[in-house]
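Peer 1: In our numbering, the protein residues as written are 2 to 252. We put the CB at the ideal spot given by N, CA and C, even for glycine. None of the values given here were measured: they were computed from a predicted structure. Okay, here's the structure, questions in a sec.
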Ligand code: SF4
């Protein structure tokens, strides 16, 4: 199947069956979404939704957050991953919003990325969710699902995935396609063992196609073992770096 046909089938399926899709983070305005997205890095939306009501009670707007010390913020977010860094990022982000952006969350991706704690992925989420901009935030689900279905080809970095998706999806659907991919990856095309037996995308999914042939099964197994080896090598390198650091030996 040609890639353009996979795109057509993907868009047709989700436009019909999931014409409305949105983030599972609970928020009431751009400020709240920005805080929630910064908090959600390496953490689940469910956990973030548990702590944000209290957070927004204490810091109802960007001005109140800009006056807070990271230590105060830490107390409210200690149950999320990397609370130390995130406290500092939130404090810095709020101060910069007040000082440089008149307290408003910018819509431009480059401006957004100037804020502490805001990388390309977070900037794309804000631009697409708040402003419906044709921006594609690539997280682990988007990366994996787009590759499995065959929407991307030889894309080894989030930026490469983003560029391919943006180039091939209809402009006016990019903001929603982001949610389609995330939700599909979260509930059906899960990381370890995709639930192909209940997936409605089998007729145009490249991974499923490959799995129907013996050579395809071998190919997927070879890719998995290559990935495992690369992960192991990366882990070993990290361990080595950490040992060298302890010994104060240059890498
Ligand atoms: S068929 Fe399987 S691999 Fe393809 S999208 Fe569905 S769950 Fe994922």
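Pull up the distance between the alpha-carbon of residue 3 and that of residue 36, whole angstroms please.
Peer 2: Using only the alpha carbons, I get a separation of about 40 Å.
Peer 1: Report the CB separation of residue 56 from residue 34 in whole angstroms; it is logged as a contact under 8 Å.
Peer 2: With a Cβ gap of about 13 Å, residue 56 and residue 34 do not count as contacting.
Peer 1: Exposed or buried, what is residue 136 when buried is set at 16 or more other beta-carbons lying within 10 Å of its beta-carbon?
Peer 2: Label assigned to residue 136: buried.
Peer 1: Grab me the residues of residue 165's own chain with a C-beta within less than 6 Å of its C-beta, minus the 5 sequence neighbours each way, in chain order.
Peer 2: The answer, listed in chain order, is 153 and 156.
Peer 1: Within the same chain, show all residues whose beta-carbon is closer than 6 Å to that of residue 66, passing over the 5 residues directly before and after it, in chain order.
Peer 2: If we look at residue 66 and ignore the five residues flanking it on each side, its Cβ neighbours are 60 and 95.
Peer 1: Please tell me whether, using a cut-off of 7 Å, the distance from the CB of residue 146 to the nearest non-hydrogen atom of ligand 1 is below it.
Peer 2: It does: the Cβ of residue 146 is within 7 Å (strictly closer) of some heavy atom of ligand 1.
Peer 1: Verify whether the separation of the beta carbon atoms of residue 167 and residue 175 is less than 8 Å.
Peer 2: Yes; because the gap between Cβ atoms is below 8 Å, this pair is in contact.
Peer 1: How far does the alpha helix (DSSP H) with residue 13 in it reach, from first residue to last?
Peer 2: Looking at the DSSP string, the run of the alpha helix (DSSP H) that includes residue 13 is 4-18.
Peer 1: Pull up the distance between the alpha-carbon of residue 39 and that of residue 215, whole angstroms please.
Peer 2: Distance between the alpha carbons of residue 39 and residue 215: 43 Å.
Peer 1: Unbroken alpha helix (DSSP H) runs of length 4 or more, entirely within the segment 118-194: which are they?
Peer 2: Counting only runs of 4 or more, we get 121-132, 141-150, 159-169 and 175-188.
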